[in-house]
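Line by line, the protein sequences are chains A and B. Numbering follows my numbering, with no gaps: position 155 of the first sequence is 160. Numbering follows my numbering, with no gaps: position 147 of the second sequence is 152. Beta carbons are placed, not taken as given, at the ideal position from N, Cα and C, and that holds for glycine. No experiment lies behind these values; they were computed from the predicted model shown.
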Amino acid sequence: MVGDSGEMVAVRGLYKRYKDLPVLLNLSFEIPKGGIFGYIGPNGAGKTTTIKIMIGLIHDYQGEVIIEGRSTRKWDAQLCSKIGYLPQNTSMQEWRTVDQALSTFGRLSGMSHTDTDLRIKELLDQLGIIDFRHRKVGKLSGGTLQKVGMAQAMLHRPRLLVLDEPVAGLDPESRVLFKNLFRQLAREGTTVFFSSHILSDIEDIADTIGILGQGRMRYIGSMEALRDQVVRGQVIRLDMVQGLNDTTTLERLPGVSRVNKISDDQYQLVLQPQTDLDEVVDKCIRAMQAEGRRIRGIHQVRPSLEDLYMNYTDTGGMV
Amino acid sequence: MSLKLLFMDELNGFYRSKVMIALWVGLPAMALVLYLLVSDTGGIPISQFTALLVSSIGGVLTSAMIVVTILNERERKVYDLFLVRPIKRRDLLLAKFGAVYLCVVVAALLAILLSALLDAFLNGYDVLATIGALGDSVLIALSMMAISCSAGVLIGVLANSMLVGILLVLYGGNQLSSLVILPILLGTGELWMAVLLAIAISSGLLLGSIVIFERKEL
């Protein structure tokens, strides 16, 4: 059965549009059991939509999401008990105290009174907000509310934690706290899936990352493999005395995969893997001379992680 | 299980909310103040005056309150954390309807009881006889409030802005609730028919709300 082997989540051919705006286009990926999966993409890329489909909040879509062998189309108590969810902005009824809110969520998740009570104390302690237990939710700061949100997500000890931009808006201290918590949960066997639009939020913590761009998964793999691309990536920056009317000559050079215009007289040549850099430089100089163009300088450029991310998300960048 | 839990939870929230406290104290106080301000009530007892007031503004207050609550909670994505748990969407609405309606009914009955006591104290009326005489009016008022409340649920689920929601509920909800008294006003119906009509309309509105809420992307 799909999704019943080593993976916690299997997303197959997700397609979702809002009126005329397509958001997800045949999105497919798998999340292995255990470990931390960082789901990254620019704002509006469809991360929250993916998450809402995964946790059963959106029903109208094409494709399939399977969590531990069970389709999320049939949203039932057993499936709910496997998943903990933290939204981008935690929101609870403001008249409740933290304790009342968490008690309700615990009881609705099928936990006993005693277990809920003990678990609330344990989690609030762990998150450093035990003093806020009897404080009204409406009186909490954004960061504290996010911690309460995290507590409700972990309350029923789910096997999969789905977190939508969990560290956005947190102070540095709380970011570290959350990241340490994710590591601890992963060590204990929980699968942590979390989204972000900031690469630095996930690069030091995720075992696997998925880059979403233009409604599709553009990259999925380890952070190490992505870093390896940085080392292997070859880019040439070409400074011309005068700007080129068109870049066709450069694009036709053997070994060049793409040409990006940086400014009026600066261009980037992205090389195909395994291309001989010196040979391309040589051919580039000759081609420009043949057209009577004058070159001011040629430089080799190493792409950063951000450049790779930008490239995968199709929002610009060099590689 | 989840419906009972949600109902108790909503009740817990509503009965202690500032709006409800204002209603519980405000409704009887408003009736008394208005009674004292109106120079000529034509000999109407305070309790009857209160019953009239409750039937006219009780429904408006109920529907406005429920529409604001649902829209506000929808807007702030409060329901997301409930819906990822093993509960049915319809239970969220039914629990809210039940809790608000019960709270407003209690507020209305308290107002009428208090005014009957005042009647007994100030005018020497018999409390039980006064309440008994008001039975029909109270039933009509509660029926109208049920319709307003369920209309509030429907509009809360349907509307996408607070302003539209409030306007719809003030005009639509209020007009709809007055359907209850039509058969009696026209002299073609009796009290039980009005109550039955209220139950039918309220159930229809709630059913519609549930169907829409089940399919709605929150």
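Which residues of chain B have a Cβ atom closer than 8 Å to the Cβ of residue i, listed in chain order?
{"i": "A/G115", "result": "P91"}
{"i": "A/A82", "result": "P91"}
{"i": "A/P92", "result": "K82, D85, L86"}
Name the chain B residues that come within less than 7 Å of residue i, Cβ to Cβ?
{"i": "A/Q157", "result": "L86"}
{"i": "A/I125", "result": "Near A/I125 there are no residues of chain B at all, since even the closest Cβ is about 15 Å away, more than 7 Å."}
I want to verify the contact list: residues of chain A whose CB lies under 9 Å from the CB of residue i, in sequence order.
{"i": "B/S22", "result": "W100"}
{"i": "B/S183", "result": "None at all; the shortest Cβ gap to chain A is about 32 Å."}
Rounded C-beta distance between residue i and residue j? I'm assuming under 8 Å.
{"i": "B/A174", "j": "B/L210", "result": "Note that residue 174 of chain B is Val in the sequence shown here, rather than Ala. Contact flag wrong, Cβ pair sits at about 12 Å."}
{"i": "B/L16", "j": "B/L107", "result": "7 Å"}
{"i": "A/Q151", "j": "A/T95", "result": "6 Å"}
{"i": "B/T67", "j": "B/V105", "result": "6 Å"}
{"i": "A/L217", "j": "A/A50", "result": "5 Å"}
{"i": "A/P37", "j": "A/E12", "result": "5 Å"}
{"i": "A/G302", "j": "A/D244", "result": "4 Å"}
Chain A partners of residue i, CB-CB under 7 Å?
{"i": "B/S166", "result": "Those within 7 Å of B/S166 in chain A number zero; the least Cβ separation is about 18 Å."}
{"i": "B/R1", "result": "Outside the shown range of chain B, which is 6 to 223, sits residue 1 of chain B, and nothing can be said about it."}
{"i": "B/D14", "result": "T109"}
Quick one: is residue i buried, meaning 16 or more other Cβ sit within 10 Å of its Cβ, or exposed?
{"i": "A/M155", "result": "buried"}
{"i": "A/N185", "result": "exposed"}
{"i": "A/G46", "result": "buried"}
{"i": "A/R78", "result": "exposed"}
{"i": "B/T193", "result": "exposed"}
{"i": "A/D9", "result": "With a pLDDT of only 47 at A/D9, under 50, the local geometry of the prediction cannot be trusted, and the value read off the model is given with reservation. A/D9 comes out exposed."}
{"i": "A/M222", "result": "buried"}
{"i": "B/L99", "result": "buried"}
{"i": "B/Y84", "result": "buried"}
{"i": "B/S207", "result": "buried"}
{"i": "A/E35", "result": "buried"}
{"i": "B/L212", "result": "exposed"}
{"i": "A/V181", "result": "exposed"}
{"i": "B/N179", "result": "buried"}
{"i": "B/F19", "result": "buried"}
{"i": "B/F126", "result": "exposed"}
{"i": "B/A27", "result": "exposed"}
{"i": "A/L128", "result": "buried"}
{"i": "B/Y176", "result": "exposed"}
{"i": "A/H161", "result": "buried"}
Along chain B, in chain order, which residues have C-beta atoms closer than 9 Å to that of residue i?
{"i": "A/G61", "result": "L88, V89"}
{"i": "A/I88", "result": "V89"}
What does residue i touch in chain A if you count any residue whose Cβ is under 8 Å from its own?
{"i": "B/E195", "result": "Result: empty, since nearest Cβ-Cβ is about 42 Å, beyond 8 Å."}
{"i": "B/L10", "result": "T109, R112, L113"}
{"i": "B/G18", "result": "Q98, W100, R101"}
{"i": "B/L223", "result": "L62"}
{"i": "B/S7", "result": "L113"}
Residue ranges of each beta strand (DSSP E) within the region 12-44 of chain A, 3 or longer: 12-23, 26-37
Checklist entry - In chain order, what residues of the region 96-123 of chain A put their CB closer than 8 Å to some CB of chain B? => result S96, M97, Q98, W100, R101, Q105, T109, F110, R112, L113, S114, G115
In the region 156-180 of chain B, which residues sit with their C-beta less than 7 Å from some C-beta in chain A, listed in chain order? The region 156-180 of chain B vs chain A, Cβ under 7 Å: nothing.
Entirely within the region 24-87 of chain B and at least 4 residues each: give me those alpha helix (DSSP H) ranges in chain order. 51-80
Entirely within the region 191-268 of chain A and at least 3 residues each: give me those beta strand (DSSP E) ranges in chain order. 196-201, 213-218, 221-227, 240-245, 261-268
Go through the region 123-180 of chain B residue by residue and report every complete run of the beta strand (DSSP E) that reaches 3 residues or more, in order.
none
| request: Output, in sequence order along the chain, the residues in the region 65-79 of chain A whose CB is closer than 8 Å to any CB in chain B. | output: D65
Quiz prompt | Members of the region 204-215 of chain B near chain A, C-beta cut-off 9 Å | solution = none
Quiz item: Which of the residues in the region 278-292 of chain A, read from start to end, lie with their CB under 8 Å from any CB of chain B?
Solution: none
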